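To get this note's numbering, take the position in the sequence shown, counting from 1, and add 3. Quick notes on the structure that follows.
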Amino acid sequence: MIPVRRIILVLIGALILASGCLDTTPADDYQDWNLTLAGDEEMVLTHPEIRALPAAEGYGYSVSTVGIKHGPNRYRGVPLADLVLAAGGAGEDDLVYVSAEDGYLWVFGMDQVRGEGFFTFDENLKEVAPPPLRVILAYEQDGSPLPFNEGGPLRLVIITESPDVITEGSSWVKWVDRVEVQRR
Ligand SMILES: Nc1nc2c(c(=O)[nH]1)N[C@H]1C(S)=C(S)[C@@H](COP(=O)(O)O)O[C@H]1N2
Ligand SMILES: [Mo]
Numbered sequence: 004m005i006p007v008r009r010i011i012l013v014l015i016g017a018l019i020l021a022s023g024c025l026d027t028t029p030a031d032d033y034q035d036w037n038l039t040l041a042g043d044e045e046m047v048l049t050h051p052e053i054r055a056l057p058a059a060e061g062y063g064y065s066v067s068t069v070g071i072k073h074g075p076n077r078y079r080g081v082p083l084a085d086l087v088l089a090a091g092g093a094g095e096d097d098l099v100y101v102s103a104e105d106g107y108l109w110v111f112g113m114d115q116v117r118g119e120g121f122f123t124f125d126e127n128l129k130e131v132a133p134p135p136l137r138v139i140l141a142y143e144q145d146g147s148p149l150p151f152n153e154g155g156p157l158r159l160v161i162i163t164e165s166p167d168v169i170t171e172g173s174s175w176v177k178w179v180d181r182v183e184v185q186r187r
């Protein structure tokens, strides 16, 4: 093995050891965080199962209803479209309900599940034509588990390739524990 790779492996090992020594944070409870997928049938995915699914990555940048910008940050997570498929798929007129344990619920059309039909803004909060967007349930922010106070362990995030595209925070559901396909 070449030395650089060995150094990197040692560093990774040290990081794993260090994180194991840190005191308990909500991140440690993420093992117990389950996501219910409901469609034709209902299934429960554990956090490790969610992390094992194919992941998407990109920049997320949101603005709250009162105009406070949050980001940009780098996010990694599982595409909502894949979860809808796992729940048995959805027809074009169906709706996808994404909800959290605090009772918050946001409804997405199938166009939005594909990343279409969102408003996008530049850093001056001027509306701009939307670039390609993807909707993910993010579990990682800037390379670390998404903190609880930021909506972790699972938050709905809208991502793009570039860091300067802002989307509306109201759809960024925090603490997601249920994705449900509503047949219409
Ligand atoms: N579970 C949950 N998610 C939520 C909300 C909420 O009340 N509960 N508020 C939404 C709204 S209206 C906004 S503007 C953003 C605020 O995100 P922030 O708390 O990271 O600023 O979260 C969204 N996600
Ligand atoms: Mo909001």
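Ideal Cβ placement from N, Cα and C applies to all residues, glycine included. Source: prediction; values computed, not measured.
Legend entry - Residue span of the alpha helix (DSSP H) that contains Ala141, given as start and end: Careful: Ala141 lies outside any alpha helix (DSSP H), inside the beta strand (DSSP E) at 137 to 144.
Legend entry - N- and C-terminal bounds of the beta strand (DSSP E) containing Arg77: 72 to 82
Legend entry - Chain-order list of residues whose beta-carbon lies under 6 Å from that of Leu98 (same chain, five-residue window excluded): Val110, Gln185
Inset, instruction - List the whole-angstrom C-beta distance separating Ala103 from Asp35, where the pair is believed to meet the contact cut-off of C-beta under 8 Å. - result: Wrong, their Cβ atoms sit about 16 Å apart, outside the cutoff.
Inset, instruction - Run the proximity test for Trp36: is its beta-carbon closer than 6 Å to any non-hydrogen atom belonging to ligand 1? - result: no
Legend entry - the stretch 66 to 84 in contact with the stretch 155 to 162 per 3-pair CB rule at 8 Å: yes
Inset, instruction - Determine the direct distance from the alpha carbon of Trp178 to that of Pro51, and round the result to whole angstroms. - result: 16 Å
Legend entry - Ser174 beta carbon near ligand 2 (any heavy atom closer than 6 Å): no
Legend entry - Simplified DSSP state of Trp178, which is helix, strand or coil: Of the three classes helix, strand and coil, the one that applies to Trp178 here is coil, per DSSP.
Inset, instruction - Could you say if the stretch 124 to 136 and the stretch 150 to 160 meet the contact criterion of at least three C-beta pairs nearer than 8 Å? - result: no
Inset, instruction - Quick one: grab the DSSP three-state call for Arg187. - result: Correct three-state label for Arg187: coil.
Legend entry - CB contact flag (Leu40, Ala89, <7 Å): The answer is yes: Cβ separation under 7 Å.
Legend entry - CA-to-CA distance, Tyr64 to Pro133, given in whole angstroms: Distance between Pro133 and Tyr64, taken at the CA atoms: about 13 Å.
Legend entry - Start-end ranges of the beta strand (DSSP E) lying completely within the stretch 84 to 112, minimum 3 residues: Fully enclosed beta strand (DSSP E) runs of 3 or longer: 98 to 103, 108 to 112.
Inset, instruction - Say yes only if the C-beta of Tyr107 is nearer than 6 Å to one or more non-hydrogen atoms of ligand 1, and no if none qualify. - result: yes
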